[in-house]
Amino acid sequence: MKVLMFGWEFPPFKSGGLGTACYDLTKGLSSQDVDVTFVMPYAPKDAKADFVKIIGTNNLSKNIKIKSVKTILTPYQTFESYNEVLVSKKLSGTSDKKEAYGKNLYEEVQRYSLIAAEIAKESSCDVIHVHDWMTYKAGIIAKQITGKPLVAHIHATEFDRTGGNPNQIISHIEFEGLQAADVVIANSNWTKQNVINSYKIDPNKIEVVHWGIDNNNPYYGLNQASPFQDEKIILFLGRITIQKGPEYFVKMARKVVDFVPNTKFVVAGSGDMFEHMVNMAVDYGIADKFVFTGFLKGADVHRAFQMAHLYVMPSVSEPFGLVALEALKNNTPIMISRQSGASEVINHAFKVDFWDVDEMANKAVNILLHPELYEELKENSYRESAKFNLEEPARKTKAIYEKAIQLIR
Amino acid sequence: MVDLCFYFQVHQPFRMRKYSIFDIGKSKEYFDDKKNIEVLAKVARKCYLPANKVMLELLEKHPEFRISYSFSGVFLEQCESWAPDVLSSFKKLIDTGRVEVLSETYYHSLAYLFSKEEFKEQVKKHRETVKRLFGVEPRVFRNTELIYNNEIAKFVEDMGYDGILAEGWDSILGWRSPNFVYRPKTTNKIKLLLKNYRLSDDIAFRFSNRGWSEWPLTTEKFSQWVNAYNGNGEVINLFMDYETFGEHQWEDTGIFEFMRHLPEEILKNPDNHFKTPSEVIDSFPVRDEIDCHHMISWADMERDLSAWLGNRIQQSSINRLYSMEKSIKEKGDPELLELWRKLQTSDHFYYMCTKWFNDGDVHKYFNPYDSPYDSFINFMNILNDLTLRMKKSEDKEVSVDESSGQVDGQTDGEVAVDGLGKAL
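Residue numbers (this note's numbering), protein chains in the order written: chain A, 41 to 449; chain B, 17 to 440.
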């Protein structure tokens with residue numbers, strides 16, 4: 041089976057969980073004898089995957105072809121921030137025609153779609169698979185050109201990303217893509233419900249495929265010790281954006297230190313609410329309890345988990361939350377919001393409503409004070425993490441391809 | 017001949033209210049009266065009242081019919097407060113003289129495992145309550161969740177009981193059948209009645225299971241199974257939760273109709289009878305000795321203590337609880353003592369069980385918490401508040417008696433709370 045896949049990031053060129061998700065999915069699919077051609081806006085020369093062949097700009101290995109289309113799109117960009125990048129590039133004189141094609145994000149998506157159309161013409165695929173809104177137009181055009189079924193994967197809706205204040209252009213594109221798709225893949229029931237509520241998409245064409253995680257990662261076993269002697273670490277790791285609920289983390293911290301003053305709150309990540317988060321900690325008079333690491337990648341992500349006593353994911357709306365599984369794989373207990381896909385599939389975790397700061401503090405204080413609670417949750421959640429793998433989501437995705445092909449016939 | 021001996025367990029815990037760290041030192045409300053009233057009313061409507069009605073009909077219709085109950089004290093206490101009609105309907109059954117009441121710990125606790133002294137006090141309190149409410153004095157003892165071993169049998173014998181109940185588990189029976197009266201090893205007088213878990217569970221667990229090859233279970237079929245024991249058994253002990261009727265097995269499964277017609281079907285065979293546990297003890301001789309060293313219970317496939325004491329959070333919380341015994345009793349404040357005892361109800365530790373949690377929903381019905389961890393946190397917050405209250409009143413005393421130098425040593429629990437206390 042041949043799949044023409046449109047994405048926007050692929051390790052090592054990534055800024056969030058989506059690149060990891062695409063990497064893991066294509067890796068899983070290659071073991072299911074699915075031949076994937078992966079198209080992305082910008083593929084750096086070192087974009088490769090050992091488990092598959094990469095043809096295209098760099099002809100390296102077997103089952104996956106990575107084709108690149110140059111743009112400055114990044115998956116988590118909003119319309120406004122895209123314009124900011126353009127302006128700053130012009131001001132600083134670094135604007136490079138090779139990188140900045142379009143005048144605004146909408147043009148950029150158009151351009152990506154048109155180039156994608158050229159790729160589709162040459163392709164002999166059975167299915168077209170697109171990942172999130174920026175690739176949806178490309179998918180729609182590719183479907184028109186090839187007549188092949190379109191599978192639209194939704195990793196996050198515009199409503200998730202913006203905390204309920206969607207950009208109209210983006211949500212319109214999102215809607216069109218979901219409408220045009222023969223099958224929609226949502227990464228959780230939470231996402232499925234959001235898609236139904238926000239876009240009135242027919243529930244019958246939405247399939248849920250929960251993410252898995254690679255069981256073999258050399259970083260899991262680093263056993264990084266905490267640098268602090270008497271202070272346990274509570275970790276926030278993710279983009280510091282409204283979607284991830286950073287302010288609830290700080291509010292929780294303020295309450296926790298009343299009970300357990302010798303606690304360190306480590307914030308790993310960057311994003312547009314970074315300053316706000318720092319200011320909050322200062323205003324609450326607990327800045328000395330905080331450590332901001334900036335954006336982490338590779339082994340450092342895993343080290344951060346391993347140092348932590350508890351990982352907290354207070355997302356306002358988290359379509360899945362792959363990072364929660366990463367924490368478990370690193371033997372770190374987690375507290376995750378009920379407004380997440382991960383909370384649907386993980387039993388051994390603290391689950392809270394993102395807004396319920398008191399309850400978050402209640403749980404955090406207890407796990408800081410009671411080693412038996414920490415040990416019990418850690419042991420059970422680590423054991424549970426073994427049930428997540430890459431094969432299951434890939435197997436389900438392949439079955440969906442087959443269903444989509446049937447639908448078109 | 018083969019006789020049937022029914023024993024029904026009737027219990028409802030005092031469920032705790034949501035109690036967070038922010039309540040410690042501020043709120044003295046530990047229990048969720050609203051929820052407890054709701055649950056009691058619901059179970060009364062679905063189970064206790066209709067089931068008692070069926071039992072009364074049967075007692076009136078069949079002079080031969082016999083049953084027995086064991087009520088937890090905390091159940092009776094809730095009935096007295098919130099469901100006097102339920103209490104009087106049980107009283108009506110007991111007044112027939114053909115319904116036996118068994119003895120247990122008032123708080124449906126695991127006290128035997130942690131404090132023999134506390135255990136005896138709770139059994140005594142239960143006896144007094146049963147005497148006061150029903151005018152009867154139990155001769156037969158059943159420990160919480162049928163937790164049992166040789167030592168318990170001996171201890172209970174020394175307390176003056178004639179009989180004790182236990183699970184008829186294969187590991188203690190070996191090749192032998194549960195359908196005889198046994199003598200616990202190391203005892204002289206007390207008799208042991210063992211649950212026939214196959215026939216009991218056919219009613220209690222499998223009755224409505226459509227995947228079961230014997231579904232649907234009819235009174236004819238069940239009676240045939242009972243009759244098949246004729247000649248190689250003397251008594252079949254059918255032990256189960258009373259909530260089997262209408263609550264675990266809903267009314268529409270036909271469970272009430274099954275019970276309503278079972279006695280007449282059983283009694284068609286003139287060799288069959290119904291007996292209460294005391295009648296069984298008086299009628300049948302001991303046929304053999306049962307040697308049970310390790311603790312068994314009637315719970316789960318394991319039939320051990322792991323449902324209550326299987327993991328760290330269960331062990332730690334219950335050890336903390338019982339470590340307070342000495343100081344709370346010396347304190348002599350009846351309110352604190354009563355709160356401490358209500359925290360001993362085994363359900364609180366059952367909620368913290370993690371062994372089924374992978375399956376997600378298996379035991380959700382029994383559990384008011386979203387997770388075992390939430391249950392532990394709630395319990396520890398309450399325990400910390402109780403410790404704080406005890407300490408506060410101690411501090412007062414200490415300041416009064418300072419000259420005499422009477423200062424109690426601190427327990428672990430108090431030390432842990434110390435940090436919290438400072439913060440508060």
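Cβ coordinates follow ideal geometry from the N, Cα and C atoms, glycine included. Because the structure is a prediction, the values reported are computed rather than measured.
In chain order, Glu416 and Asn420 make up the part of chain A whose C-beta sits under 7 Å from the C-beta of threonine 370 of chain B. Between the stretch 352 to 367 of chain B and the stretch 390 to 409 of chain B, the count of C-beta pairs closer than 8 Å reaches three or more; the two stretches touch. In this structure, proline 279 of chain B sits near histidine 78 of chain B, with a CB-CB distance shorter than 7 Å. Comparing alpha carbon positions, the residue from B/Asp218, B/Phe47, B/Glu183 and B/Asn68 closest to isoleucine 110 of chain B is B/Asn68.
Between isoleucine 280 of chain A and serine 310 of chain A a beta carbon distance of about 6 Å is seen, short of the 8 Å cut, so the two are scored as contacting. Interface annotation, valine 405 of chain A: in contact with chain B, CB-CB separation under 7 Å. Distance from the Cα of glutamate 416 of chain A is smallest, within the candidate group A/Ala160, A/Leu362 and A/Asn371, for A/Asn371.
Using a 10 angstroms sphere on the CB of methionine 17 of chain B, the tally of other CB atoms stays under 16, which defines it as exposed. Chain-order list of chain B residues neighbouring glutamate 412 of chain A: Arg328, Ile329 and Ser332, by C-beta distance under 7 Å. Buried is the label assigned to serine 377 of chain A, since at least 16 other Cβ atoms lie within 10 Å of its Cβ. The alpha helix (DSSP H) runs of length 4 or more contained entirely in the stretch 67 to 142 of chain B are, from start to end of the chain, 89 to 98, 100 to 110 and 127 to 130. Per DSSP, arginine 192 of chain B is not a residue of any alpha helix (DSSP H), being assigned neither H nor E. Between phenylalanine 255 of chain B and serine 216 of chain B, the gap from beta carbon to beta carbon is short of 7 Å.
Taken through DSSP and simplified to helix, strand or coil, asparagine 253 of chain B comes out as strand. Assigned with DSSP and collapsed to three states, methionine 340 of chain B falls in coil, not helix or strand. Residue pairing for asparagine 288 of chain B: DSSP places it in a beta bridge opposite B/Val18. Distances from the alpha-carbon of aspartate 340 of chain A to those of A/Met317, A/Ala367, A/Lys183 and A/Lys240 put A/Ala367 closest.
Distance from the CA atom of valine 224 of chain A to the CA atom of glutamate 162 of chain A, rounded to whole angstroms, is 25 Å. Residue burial is scored here from C-beta neighbours: lysine 237 of chain B has fewer than 16 other C-beta atoms within 10 angstroms and is therefore classed as exposed. With a threshold of 7 Å between beta carbons, serine 36 of chain B makes contact with chain A. Arginine 343 of chain A and aspartate 328 of chain A have their C-alpha atoms some 22 Å from each other. The beta carbon of phenylalanine 150 of chain B lies closer than 7 Å to those of Lys107, Ile110 and Val117 in the same chain, with the five residues before and after it left out.
Residues of chain B with a Cβ closer than 9 Å to the Cβ of alanine 401 of chain A are, in chain order, Ser36, Ile37 and Phe38.
Pairing valine 248 of chain A with histidine 169 of chain A gives a Cβ-Cβ distance that is not under 7 Å. The residues Thr235, Glu236, Phe238 and Ser239, in chain order, have a CB closer than 8 Å to that of glutamate 281 of chain B in the same chain once the five nearest residues on each side in sequence are set aside. Looking only at B/Glu73, B/Tyr46 and B/Gly41, the smallest Cα-Cα distance to phenylalanine 272 of chain B is reached by B/Glu73. Between the stretch 306 to 322 of chain A and the stretch 230 to 246 of chain A, the count of Cβ pairs shorter than 8 Å is below three; the stretches do not touch.
Non-local beta-carbon contacts of aspartate 363 of chain B in its own chain, meaning distances under 6 Å to residues more than five positions away in sequence, involve Pro29 in chain order. For glutamate 366 of chain A, the enclosing alpha helix (DSSP H) begins and ends at 362 to 369.
Against chain B, the CB of asparagine 229 of chain A has no partner CB under 7 Å away; the residue lies outside that interface. In this structure, B/Ala182 is the residue among B/Ala182, B/Ser104, B/Lys347 and B/Lys140 with its C-alpha nearest to the C-alpha of threonine 160 of chain B. Between phenylalanine 390 of chain A and proline 354 of chain A a beta carbon distance of about 11 Å is seen, past the 8 Å cut, so the two are scored as non-contacting.
Residues of chain A whose Cβ lies closer than 8 Å to the Cβ of isoleucine 393 of chain B are, in chain order, Asn402, Lys403, Asn406 and Leu413. DSSP places aspartate 75 of chain A inside the beta strand (DSSP E), whose first and last residues are 75 to 80. At a C-beta separation below 9 Å, aspartate 401 of chain B has no neighbours in chain A, since its nearest C-beta there lies roughly 13 Å away. If you draw a straight line from the Cα of tyrosine 152 of chain A to the Cα of methionine 317 of chain A, it is about 35 Å long.
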